[in-house]
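K.L.:
According to the working numbering, the sequence shown is numbered sequentially starting from 2.
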Amino acid sequence: MAHDEPAASGAPTKLVIKNVGLMLSGDLEKPILDADAIVAVNGRITAIGRAPDLDLSGATTTIDAHGVAIAPGLIDSHVHPVAGDWTPRQSQLNWIDSCLHGGVTTMVSAGEVHTPGRPRDITGLKAMAITAQRCFSNFRASGVKVHAGAPVIEPGMEEHDFEELAAAGVRFLGEVGLGGVKDGPTAREMVAWARKYGINSTIHTGGPSIPGSGLIDKDIVLEADTDVIGHINGGHTALPDDQIVCLCERCKRGLELVHNGNERAALLTLRTAKELGELDRVILGTDAPAGSGVQPLGILRMVALLASLGDVPAEVAFCFATGNTARMRALDCGLIEVGRAADFVFMDRAQHSAGKTLLESVRLGDLPGVGMTVIDGIVRSHRSRNTPPAEKAPAVVAD
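1) If you check the beta carbons only, do Gly340 and Ile76 fall under 8 Å apart?
2) If the criterion is Cβ atoms closer than 8 Å, does the pair Ile131 and Val171 meet it?
3) From Glu155 to Ala66, what distance separates their C-alpha atoms?
4) Using DSSP with H/G/I as helix, E/B as strand and the rest coil, what is Ile379?
5) Would you say Ile233 and Leu248 are within 8 Å of each other, going by their C-beta atoms?
6) Could you spell out where the alpha helix (DSSP H) holding Arg265 opens and where it closes?
7) Thinking Met129 and Pro120 are a contact (beta carbons under 8 Å), I'd like their distance in whole angstroms, please.
8) For a test of your reading of the model: does the CB of Val283 fall under 7 Å from any non-hydrogen atom of the ligand SAM? Yes or no.
9) Pick from Thr270, Ala327, Asp228 and Ala142: whose alpha carbon is nearest that of Trp96?
10) Taking 7 Å as the limit between beta carbons, can you name the residues of its chain near Ala225, skipping five residues before and five after?
11) Can Ala430 and Gly370 be called in contact, C-beta distance under 8 Å?
12) Met2: buried (16+ other C-beta within 10 angstroms of its C-beta) or exposed?
13) Look up Met24 in the DSSP assignment and say whether it is helix, strand or coil.
14) If you follow the alpha helix (DSSP H) that Ala128 is in, where does it begin and where does it stop?
15) Rounded to whole angstroms, what's the CA-CA distance from Ala72 to Ile284? Just pull it up for me.
16) Looking only at its chain, what residues have a beta carbon closer than 7 Å to the beta carbon of Glu158, apart from the 5 residues adjacent to it on each side?
17) Three-state secondary structure (DSSP) at Pro7?
18) Closer than 7 Å by C-beta to Asn20: which residues in its own chain qualify, once you throw out the five before and the five after it? Chain order, please.
19) Which one of Val346, Trp194 and Pro297 has the shortest CA to CA distance from Asp98?
20) Beta-carbon separation of Leu16 and Ala52 under 8 Å?
21) Quick check on Val313: does DSSP put it in helix, strand or coil?
22) If I measure Cβ to Cβ from Leu310 and keep anything under 8 Å in the same chain, skipping five residues before and after, which residues do I get?
23) At which residue ranges does the stretch 57-109 contain complete beta strand (DSSP E) runs of 3 or more residues, listed in the order of the chain?
24) Give me the DSSP bridge partner(s) of Met348.
25) Quick one: using the 10 Å Cβ neighbour count with 16 as the cut-off for buried, is His79 buried or exposed?
26) Between the beta-carbon of Leu94 and the beta-carbon of Leu359, is there less than 8 Å?
27) Check Arg119 in the structure and name its three-state DSSP category.
28) Starting from the N-terminal side, write out each stretch of the alpha helix (DSSP H) that is 4 residues or longer and does not extend beyond the stretch 140-207.
29) For Val339, which three-state DSSP category applies?
30) Going by CA-CA distance only, name the one from Arg254, Ser362, Ala351 and Val363 that's closest to Asn387.
31) Which of the three DSSP states, helix, strand or coil, is assigned to Ala12?
32) In terms of alpha-carbon separation, which member of Ala331, Ala274, Gly299 and Phe347 lies closest to His260?
33) Relative to the alpha-carbon of Cys100, which residue among Phe140, Leu57 and Gly144 has its alpha-carbon at the smallest distance?
34) Would you say Lys197 and Leu166 are within 8 Å of each other, going by their C-beta atoms?
35) According to the Cβ coordinates, are Ser382 and His102 closer than 8 Å?
36) For Ala308, count neighbouring C-beta atoms within 10 Å of its own C-beta (all shown protein chains included) and say buried if the count is 16 or more, exposed if not.
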């Protein structure tokens, strides 16, 4: 199993990145930065700007970007991990490592619901959530940050259960509706308890996906009032158009678009959010592993879909997969700004793309080529084995 435990040496590190051709910030307010260099110390961004204006000396690692683009590491807002870098859903090993090769450096669990024998009793579900939170905090597959330990709420849970989970480090709820709680009033009460103790919530939206799930329509979503409307474009079956539009208009929570959903419904959601002037609500996930498998390039595919058919600039579409999600999920990554985690993906246009630049190629619907990923200031992968080959790629160089 490919893995990389968190660094424990304690030795100070300084990462210098220079010769960046295009810097995507992840911030909708200013998606492109006028900068060509980044400095990160001990895994945190400390300086961004033009190379002559920065202190690039004393680097422990120097990356020459060779003119390619850099963006915050992509965030998958909706995954279903189980144990390490293995999923029983498709009996697949190293799926997280494969997603790293698609530029994903952070994942958020929507529930460890594929765990064989998943407990439904309150004691068991809390124990499983805390165990998953501990395991994925201690084990970083290929360095990827997996925020796991997302309990699926069940009838009978009380406020003290959420207080206990939060005290143990649980930060996210699994999809409301994948357990026994499927009615709005009960969900709303439990979601409010979760929010009180700092636990971020999401809800299953649309038709059933796994045994035990069922239809969650707009009325339940509106009453539950979770922080994120999980796969509003269906996972897999979407709600009717009028219900999707109603959710966009009446609920001001996050609008999560997933790869394993209805693409037409995703575009409808995006258009509606744009008309409302609320693109900051749009975030991206894959909803994998799932019945349709693992999608290592799922987030990049969503970016290309929305940029090419959704009438938004490519640099804005990348914000949906980075800064928007980071802010919605209260993560310390997702933006290229001082103080944030030094998580990056280096990209260039794919070889022979009709687009002459990275952004133009994405606007035309082509996937970019990933040339390198960095997590916490450490190089985690080089040329991707999954994306089309990039025109140019960065390299680690000697000072």
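All residues carry an ideal CB built from backbone N, CA and C; glycine is no exception.
P.N.:
By the coordinates alone:
1) Here residue 340 refers to the residue found at position 339 of the sequence shown. Here residue 76 refers to the residue found at position 75 of the sequence shown. Taking 8 Å as the Cβ cut-off, Gly340 and Ile76 do not qualify as a contacting pair.
2) Translated into positions along the sequence shown, residue 131 becomes position 130. Translated into positions along the sequence shown, residue 171 becomes position 170. For Ile131 and Val171, yes; Cβs fall inside 8 Å.
3) Mapped onto the sequence shown, residue 155 falls at position 154. Mapped onto the sequence shown, residue 66 falls at position 65. Distance between the alpha carbons of Glu155 and Ala66: 49 Å.
4) Reading the sequence shown from its first residue, position 378 is the one you call residue 379. In the structure shown, Ile379 sits in a strand (DSSP, three-state: E or B).
5) Numbered from its first residue, the sequence shown carries residue 233 at position 232. Numbered from its first residue, the sequence shown carries residue 248 at position 247. Yes, they are a contact pair.
6) Your numbering for residue 265 matches position 264 in the sequence shown. Element bounds for Arg265: Glu264 to Leu277.
7) Position 128 of the sequence shown holds residue 129. Position 119 of the sequence shown holds residue 120. So it is a contact: roughly 6 Å between Cβ atoms.
8) Although the ligand SAM was asked about, the structure shown includes no ligands whatsoever.
9) Working through the sequence shown from its first residue, we reach residue 96 at position 95. Of Thr270, Ala327, Asp228 and Ala142, the residue nearest in Cα terms is Ala142.
10) Counting from one through the sequence shown, the residue named residue 225 turns up at place 224. Val177, Gly185, Ala188, Arg189, Val192 and Ile204, listed in sequence order.
11) This structure does not reach residue 430, given that the chain is present from 2 up to 400, and the question cannot be answered.
12) As a working mapping, residue 2 is identified with position 1 in the sequence shown. Residue placement at Met2 is poorly supported in this model, since its pLDDT is 44, which falls under 50; the coordinates still yield a value, given next. Flag for Met2 reads exposed.
13) Looking up residue 24 in the sequence shown gives position 23. Met24 falls in the strand class under three-state DSSP.
14) Your numbering for residue 128 matches position 127 in the sequence shown. Ile123 to Asn139 is the extent of the alpha helix (DSSP H) around Ala128.
15) On the sequence shown, residue 72 is found 71 positions in, with the first residue counted as 1. On the sequence shown, residue 284 is found 283 positions in, with the first residue counted as 1. When rounded, the distance between both Cα atoms is 16 Å.
16) If you number the sequence shown from 1, residue 158 lands on position 157. Residue identity differs from the one stated: residue 158 is Met in this sequence, not Glu. Cβ neighbours of Met158 beyond the five flanking positions: Ile123 and Met191.
17) Against the sequence shown, residue 7 aligns to sequence position 6. Note on Pro7: pLDDT 47, under 50, position unreliable in the model; no value is reported.
18) Residue numbering aside, residue 20 sits at position 19 when the sequence shown is read from its first letter. Within the same chain, Asn20 has close Cβ partners Asp37, Asp65, Ala66, His67 and Gly68.
19) Locating residue 98 in the sequence shown gives position 97, counting from the first residue. Of the candidates Val346, Trp194 and Pro297, the one whose C-alpha sits nearest the C-alpha of Asp98 is Pro297.
20) If you number the sequence shown from 1, residue 16 lands on position 15. If you number the sequence shown from 1, residue 52 lands on position 51. Contact flag unset, no.
21) Here residue 313 refers to the residue found at position 312 when the sequence shown is read from its first residue. Correct three-state label for Val313: coil.
22) Reading the sequence shown from its first residue, position 309 is the one you call residue 310. So the qualifying residues of the chain are Leu268 and Gly366.
23) 62-65, 70-73 and 75-80
24) On the sequence shown, residue 348 is found 347 positions in, with the first residue counted as 1. In DSSP, Met348 forms a bridge with Ala70 and Val371.
25) Start at 1 with the first residue of the sequence shown, and residue 79 comes out as number 78. Its Cβ being crowded by 16 or more others within 10 Å, His79 is buried.
26) The residue given as residue 94 occupies position 93 in the sequence shown. The residue given as residue 359 occupies position 358 in the sequence shown. Cβ distance not < 8 Å, so Leu94 and Leu359 don't count as in contact.
27) Here residue 119 refers to the residue found at position 118 of the sequence shown. If DSSP states are grouped into helix, strand and coil, Arg119 belongs with coil.
28) 160-168 and 185-197
29) The residue labelled residue 339 in the question sits at position 338 within the sequence shown. The answer is coil: DSSP assigns Val339 none of H, G, I, E or B.
30) Sequence index remark: in the sequence shown, residue 387 carries index 386 (1-based). Of the candidates Arg254, Ser362, Ala351 and Val363, the one whose C-alpha sits nearest the C-alpha of Asn387 is Ala351.
31) Indexing the sequence shown from 1 puts residue 12 at position 11. If DSSP states are grouped into helix, strand and coil, Ala12 belongs with coil.
32) The residue labelled residue 260 in the question sits at position 259 within the sequence shown. His260 has its Cα closest to that of Gly299, out of Ala331, Ala274, Gly299 and Phe347.
33) For the purposes of this step, residue 100 is taken as the residue at position 99 of the sequence shown. Checked all of Phe140, Leu57 and Gly144; the closest Cα to Cys100 is Gly144.
34) Residue mapping note: residue 197 aligns to position 196 of the sequence shown, counting from 1. Residue mapping note: residue 166 aligns to position 165 of the sequence shown, counting from 1. It is not a contact, given that the beta carbons lie outside the stated cut-off.
35) Taking the first residue of the sequence shown as 1, we reach residue 382 at position 381. Taking the first residue of the sequence shown as 1, we reach residue 102 at position 101. Yes, the pair counts as a contact, with Cβ atoms nearer than the cut-off.
36) Within the sequence shown, residue 308 is the residue found at index 307, counting from 1. So Ala308 ends up on the buried side.
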